[in-house]
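S.K.: Residues in the sequence shown are numbered consecutively from 1, following UniProt numbering.
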Amino acid sequence: MQRVLAATARLRPATRAFSSSPCWCQPDSGAPEASTSAAATEPSSSSTAYSLPHDAFSSAELDAAPRPSARSVPRQRQRQTLSDAEARAFADLLGELLPRSTQPPATPAAPQGRAGAQGQPSGMFDIFNPAAHSPDVPEGVNKVQQALMRRVGHKMGMHVDESSGKWERKQRSELTEPETLELDRLREELFALRSDKDVLEWGMREVFGYTDARTGILADPAALPISAPTPDSHVAAAAADATTVARGPSSRIFPDLLLLLFLVLRDAHANPHAALSVFSLAASNPFSYINGCTTALYLEVLRTRWAQGDVEQFQAGLDEMRSGGVPLNDKVRDLVRAVGEAMRADEERAELRVDAALASAASDPSAPPGAAVLDSAEREARVLRARFFGPRQVRAWTQMERIVEENLGELERARRAREDERWHAAERARRDRDGAERDQALRERPDFVSRAATLADEVRPQRERRVPRDRFVAAAAAPPSSDADGLLGRLAPKLERDEDGNVVLPKPPPFVNQYKIRRQNRTREEKARRDHKHPALWWRK
Numbered sequence: 001m002q003r004v005l006a007a008t009a010r011l012r013p014a015t016r017a018f019s020s021s022p023c024w025c026q027p028d029s030g031a032p033e034a035s036t037s038a039a040a041t042e043p044s045s046s047s048t049a050y051s052l053p054h055d056a057f058s059s060a061e062l063d064a065a066p067r068p069s070a071r072s073v074p075r076q077r078q079r080q081t082l083s084d085a086e087a088r089a090f091a092d093l094l095g096e097l098l099p100r101s102t103q104p105p106a107t108p109a110a111p112q113g114r115a116g117a118q119g120q121p122s123g124m125f126d127i128f129n130p131a132a133h134s135p136d137v138p139e140g141v142n143k144v145q146q147a148l149m150r151r152v153g154h155k156m157g158m159h160v161d162e163s164s165g166k167w168e169r170k171q172r173s174e175l176t177e178p179e180t181l182e183l184d185r186l187r188e189e190l191f192a193l194r195s196d197k198d199v200l201e202w203g204m205r206e207v208f209g210y211t212d213a214r215t216g217i218l219a220d221p222a223a224l225p226i227s228a229p230t231p232d233s234h235v236a237a238a239a240a241d242a243t244t245v246a247r248g249p250s251s252r253i254f255p256d257l258l259l260l261l262f263l264v265l266r267d268a269h270a271n272p273h274a275a276l277s278v279f280s281l282a283a284s285n286p287f288s289y290i291n292g293c294t295t296a297l298y299l300e301v302l303r304t305r306w307a308q309g310d311v312e313q314f315q316a317g318l319d320e321m322r323s324g325g326v327p328l329n330d331k332v333r334d335l336v337r338a339v340g341e342a343m344r345a346d347e348e349r350a351e352l353r354v355d356a357a358l359a360s361a362a363s364d365p366s367a368p369p370g371a372a373v374l375d376s377a378e379r380e381a382r383v384l385r386a387r388f389f390g391p392r393q394v395r396a397w398t399q400m401e402r403i404v405e406e407n408l409g410e411l412e413r414a415r416r417a418r419e420d421e422r423w424h425a426a427e428r429a430r431r432d433r434d435g436a437e438r439d440q441a442l443r444e445r446p447d448f449v450s451r452a453a454t455l456a457d458e459v460r461p462q463r464e465r466r467v468p469r470d471r472f473v474a475a476a477a478a479p480p481s482s483d484a485d486g487l488l489g490r491l492a493p494k495l496e497r498d499e500d501g502n503v504v505l506p507k508p509p510p511f512v513n514q515y516k517i518r519r520q521n522r523t524r525e526e527k528a529r530r531d532h533k534h535p536a537l538w539w540r541k
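1) Where do the ends of the alpha helix (DSSP H) carrying Met321 lie?
2) Taking only runs of the beta strand (DSSP E) that begin and end inside the segment 400 to 455, which ones reach a length of at least 3 residues, in chain order?
3) Looking at the structure shown, is Gly116 part of a helix, part of a strand, or coil, going by DSSP?
4) Out of Pro369, Ala386, Leu328 and Arg303, which one is the CA nearest neighbour of Glu405?
5) DSSP three-state label for Arg194, please.
6) With a CB to CB cut of under 6 angstroms and the five nearest residues on each side skipped, what residues in its chain are close to Gln315?
7) List the endpoints of the continuous alpha helix (DSSP H) containing Leu297.
8) Can you look up Arg266 in the DSSP assignment and give me helix, strand or coil?
9) Quick test of the definition: if touching needs 3 or more C-beta pairs under 8 angstroms, does the segment 262 to 272 touch the segment 299 to 314?
10) Could you tell me whether the Cβ atoms of Phe389 and Asp355 are closer together than 8 angstroms?
11) What would DSSP say about Val503, mapped onto helix, strand or coil?
12) Hey, could you find the ends of the alpha helix (DSSP H) Asn291 is sitting in?
13) Tell me, please, whether the segment 259 to 268 touches the segment 284 to 303 by the rule of three or more beta-carbon pairs shorter than 8 angstroms.
14) With DSSP run on the structure shown, which of helix, strand or coil describes Arg387?
15) Between which two residues does the alpha helix (DSSP H) carrying Met343 extend?
16) Give the DSSP-derived three-state secondary structure of Arg185 in the structure shown.
17) Could you give the DSSP three-state label for Arg497: helix, strand or coil?
18) Out of Val336, Ala283, Glu341 and Glu312, which one is the CA nearest neighbour of Gly324?
19) In angstroms with no decimal places, state the Cα-to-Cα distance between Ala426 and Leu384.
20) Phe279 to Asp420, Cα distance in whole Å?
21) Hey, could you find the ends of the alpha helix (DSSP H) Ser251 is sitting in?
22) Hey, Asn285 and Phe254 are a contact pair by Cβ (cut 8 angstroms); roughly how many whole angstroms apart?
23) In chain order, what residues of the same chain have a beta carbon less than 7 angstroms from the beta carbon of Arg387, not counting five sequence neighbours either side?
24) Once you ignore the five residues that flank Ala85 on each side, which residues in its own chain have a CB closer than 8 angstroms to its CB?
25) Given that a residue counts as buried once 16 or more other Cβ atoms are within 10 Å of its Cβ, and exposed if not, what is Phe191?
26) Between the C-alpha atoms of Leu408 and Arg205, what's the straight-line distance to the nearest angstrom?
27) Counting C-beta neighbours from all protein chains within 10 Å, is the total for Trp539 16 or more, i.e. buried, or is it exposed?
28) Looking only at its chain, what residues have a beta carbon closer than 8 angstroms to the beta carbon of Pro446, apart from the 5 residues adjacent to it on each side?
29) According to DSSP, is Leu374 part of a helix, a strand, or is it coil?
30) Look at Val264 and Val207 and say whether their C-beta atoms are less than 8 angstroms apart.
31) Count the other CB atoms, across all protein chains shown, that sit within 10 Å of the CB of Val373; report buried if there are 16 or more and exposed otherwise.
32) Decide if Arg266 is buried, meaning its Cβ has at least 16 other Cβ atoms within 10 Å, or exposed.
33) Sort Pro178, Arg333, Val311 and Arg252 by Cα distance to Val394 and report the nearest one.
34) Determine, using beta carbons only, whether Leu302 and Leu318 come nearer to each other than 8 angstroms.
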């Protein structure tokens, strides 16, 4: 008992040192530390890197300083780190997305600085920092984006463009809330106008950005100030214009406003010529043409020209769409198909008129003889004269059909190219996966014998390599045996010889291995051979 008390007395100073030292698992509470003479005389053997909990010993034997309760002291949030398997899987995923750079790593003697500034890897995932300038990064990012969009694109209102094969979003969904509110306000103002003159004036002012001080769509470079405004006025102007929406062709609501202005002039005010003049004004400027002349606007323009019966201008607009890079959608193709049906119906009606005229001439006794009989050329000429559409309009319709067929061919080629690229990507992935499996199998069970034979063949490249099929070809090319050998009519195989003239025996099949004998009745030589393995099989225990 006395020994136990003596040991306890010797441990008390160290216990006080442990209790007075700050614990890593609890934050510093700022309470005054109690110092005793025993703790001051005897040095503490503990360190701040490791300390015992406060309740390891009796609180009566420690200092009497009150400790903060667990509720009053805010504990730091524990952060869970990645396990080795998770970190390895995440590193493999990053390795697939961001290929490593081909540049050699820096030498260890280079000055160690900040990882971002010096480009040196400071962590497990910082090894991918040099890959930011790799040429394979954009392709990998594009593949990842396409894969993500195939999964969630339809949920976000995205669709695949038929001409380019890219995911696109409608212009309306890209508008911000202030732009949407401004578009609704301008739509209400446009619907409240009474005459087409007011609509044109409103369109010149609100859509194209014409004002009394500015009569051009674009800013005059000569009128721009050379010196920049003061910082205070510049910041004030930016703050004042932060909530306003720009006017003119550079505005993002310009395509919607232009289409709305065209429809109101054509339908509400029954003025298609004014609507076509607005389209001509927008097409005369490159900025307004690129931003405002969309497929939807071209569709309404083509409908207007078809309603007027101007097939040549219809064909000119379709050709302008193709040359300007405006994509053709299904609605445009349906409109061209409707024009073709009208052309065929007009041709059938003209033929019926000509047949009816010939039948009436044949039944009329007062008609001259031969009036009801026409050859093919005369009949075709009369059919052309009886048609509503002239030869130029028929020729324009033929060109429209060719444009649509070429567009469909381009879309089909683009679709096949995407399918081929997807198939090639799948094949490359399969080959890479098979190669990785073969390498893994070779690492698990290496074949040193066949590898040694391969290395021997590579060391002696002057020796002719022959596949097993060549032996049968050589045997077939050999002359037949004579009757003296008793093998008349059979082909004598031609023996292969090496450079020294020795006969080269055929290689045994791979399943014949003298070091893998599994027979029960073994001879002494076989048993001795089993006990003394070949030096090439040193790795097998």
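Cβ atoms here follow ideal geometry from the backbone N, Cα and C, with glycine treated the same way.
M.R.: Let's see:
1) Your numbering for residue 321 matches position 321 in the sequence shown. Val311 to Gly324 is the span of the alpha helix (DSSP H), which, as asked, contains Met321.
2) none
3) Residue numbering aside, residue 116 sits at position 116 when the sequence shown is read from its first letter. Reliability fails at Gly116, whose pLDDT of 43 lies under 50, so the model's placement of it is uncertain and no value is given.
4) Counting from one through the sequence shown, the residue named residue 405 turns up at place 405. Of the candidates Pro369, Ala386, Leu328 and Arg303, the one whose C-alpha sits nearest the C-alpha of Glu405 is Leu328.
5) Looking up residue 194 in the sequence shown gives position 194. Residue state, collapsed to three classes: coil.
6) Position 315 of the sequence shown, counted from the first residue, corresponds to residue 315. Ala396, Gln399 and Met400.
7) For the purposes of this step, residue 297 is taken as residue 297 along the sequence shown, with counting starting at 1. First-last of the alpha helix (DSSP H) with Leu297: Thr295 to Ala307.
8) Residue numbering aside, residue 266 sits at position 266 when the sequence shown is read from its first letter. Arg266 falls in the helix class under three-state DSSP.
9) yes
10) The residue given as residue 389 occupies position 389 in the sequence shown. The residue given as residue 355 occupies position 355 in the sequence shown. No; because the gap between Cβ atoms is not below 8 angstroms, this pair is not in contact.
11) In the sequence shown, residue 503 corresponds to position 503, counting from 1. Val503: strand per DSSP, three-state reduction.
12) If you number the sequence shown from 1, residue 291 lands on position 291. Counting along the chain, the alpha helix (DSSP H) containing Asn291 begins and ends at Pro286 to Gly292.
13) yes
14) On the sequence shown, residue 387 is found 387 positions in, with the first residue counted as 1. Residue state, collapsed to three classes: coil.
15) Numbered from 1 along the sequence shown, position 343 holds the residue referred to as residue 343. Per DSSP, Met343 belongs to the alpha helix (DSSP H) from Asp330 to Ser363.
16) Translated into the one-based positions of the sequence shown, residue 185 becomes position 185. Helix.
17) Within the sequence shown, the letter at position 497 stands for residue 497. DSSP places Arg497 in strand when its eight states are reduced to three.
18) Taking the first residue of the sequence shown as 1, we reach residue 324 at position 324. The candidate whose alpha carbon is nearest that of Gly324 is Ala283.
19) Reading the sequence shown from its first residue, position 426 is the one you call residue 426. Reading the sequence shown from its first residue, position 384 is the one you call residue 384. Cα to Cα, the separation comes out at about 57 angstroms.
20) Along the sequence shown, read from residue 1 onward, the residue named residue 279 stands at position 279. Along the sequence shown, read from residue 1 onward, the residue named residue 420 stands at position 420. Whole-angstrom Cα-Cα distance: 41 angstroms.
21) Translated into the one-based positions of the sequence shown, residue 251 becomes position 251. Neither: Ser251 is in no alpha helix (DSSP H) and is coded neither H nor E.
22) As a working mapping, residue 285 is identified with position 285 in the sequence shown. As a working mapping, residue 254 is identified with position 254 in the sequence shown. With a Cβ gap of about 11 angstroms, Asn285 and Phe254 do not count as contacting.
23) Stepping through the sequence shown from its first residue, residue 387 is reached at position 387. Around Arg387: Asp346, Glu347 and Ala350.
24) As a working note, residue 85 is residue 85 in the sequence shown. Closer than 8 angstroms at the Cβ level, and outside the excluded window around Ala85, lies no residue.
25) Here residue 191 is taken as the residue at index 191 of the sequence shown, counted from 1. Flag for Phe191 reads exposed.
26) For the purposes of this step, residue 408 is taken as residue 408 along the sequence shown, with counting starting at 1. For the purposes of this step, residue 205 is taken as residue 205 along the sequence shown, with counting starting at 1. Distance between the alpha carbons of Leu408 and Arg205 is about 40 angstroms.
27) As a working mapping, residue 539 is identified with position 539 in the sequence shown. Trp539 is exposed by the Cβ-count criterion.
28) In the sequence shown, the residue the question calls residue 446 occupies position 446. Excluding positions up to five away in sequence, the list reads Trp539.
29) As a working note, residue 374 is residue 374 in the sequence shown. Three-state result, Leu374: coil.
30) Taking the first residue of the sequence shown as position 1, residue 264 is located at position 264. Taking the first residue of the sequence shown as position 1, residue 207 is located at position 207. Cβ distance not < 8 angstroms, so Val264 and Val207 don't count as in contact.
31) Here residue 373 refers to the residue found at position 373 of the sequence shown. The residue is exposed, with fewer than 16 neighbouring Cβ atoms inside 10 Å.
32) Taking the sequence shown and counting its residues from 1, the one referred to as residue 266 is at position 266. It counts as buried.
33) Translated into the one-based positions of the sequence shown, residue 394 becomes position 394. For Val394, the nearest C-alpha among the options comes from Val311.
34) Counting from 1 along the sequence shown, the entry for residue 302 is found at position 302. Counting from 1 along the sequence shown, the entry for residue 318 is found at position 318. Contact flag set, yes.
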